[in-house]
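Peer 1: Structure incoming, see below.
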Amino acid sequence: DWPGNVRELQNAMERAVLVSQGGEIGPEALPFYSGNTPPPGSGKSLAEAESVHIHKVLQESEWNISRAARLLQIDRVTLYNKMKRYALRRDR
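Residue 30 is where the sequence shown starts when you use this note's numbering, and the numbers rise one by one after that.
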């Protein structure tokens, strides 16, 4: 069962293809709800859910801002603004 709508499924598959970098698409590339992604109705605010999702995509893209923005389907400037708003930084 897919928990979202068809458009979300299409976006998930496109992201899996990009994350796989041309190789096989393994389970780690599929965005099923994990401990880091709040399931629907988990009580998290939209801002918290957005912050967690953006952080996960940044990690999947190895903090490549252009790739992460493409996966999120937002402009790079928008991604930078959201990273600043949520204080998302790469741990080194």
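Heads up, the beta-carbon is just placed ideally off N, CA and C, and yes, glycines get one too.
This one's a predicted model, so the numbers in the text were calculated from it and none came from an experiment.
Please check the pair Tyr115 and Ile83, which I expect to be a contact at CB under 8 Å, by giving their CB distance rounded to whole angstroms.
Peer 2: By 1-based counting over the sequence shown, the position of residue 115 is 86. By 1-based counting over the sequence shown, the position of residue 83 is 54. That belief holds up - the Cβ atoms of Tyr115 and Ile83 are roughly 7 Å apart, short of 8 Å.
Peer 1: Assuming Leu101 contacts Val86 under a Cβ cut-off of 8 Å, what Cβ separation, rounded to an integer in Å, is found between them?
Peer 2: Looking up residue 101 in the sequence shown gives position 72. Looking up residue 86 in the sequence shown gives position 57. At roughly 6 Å, the Cβ-Cβ gap stays under 8 Å, so Leu101 and Val86 are in contact.
Peer 1: Just to confirm my understanding: we take Arg118, look at its own chain, exclude 5 residues before and 5 after, and list those with CB closer than 8 Å. What are they?
Peer 2: Within the sequence shown, numbered from 1, the residue matching residue 118 stands at position 89. Once the five neighbours on either side are set aside, the close Cβ partners of Arg118 are Met112.
Peer 1: Have a look at Ser95 and Arg105 and give me their C-alpha separation to the nearest angstrom.
Peer 2: Start at 1 with the first residue of the sequence shown, and residue 95 comes out as number 66. Start at 1 with the first residue of the sequence shown, and residue 105 comes out as number 76. Roughly 6 Å between the two C-alpha positions.
Peer 1: At what residues does the alpha helix (DSSP H) containing Glu17 begin and finish?
Peer 2: Beyond the ends of the chain as shown, which are 30 and 121, falls residue 17; an answer cannot be given.
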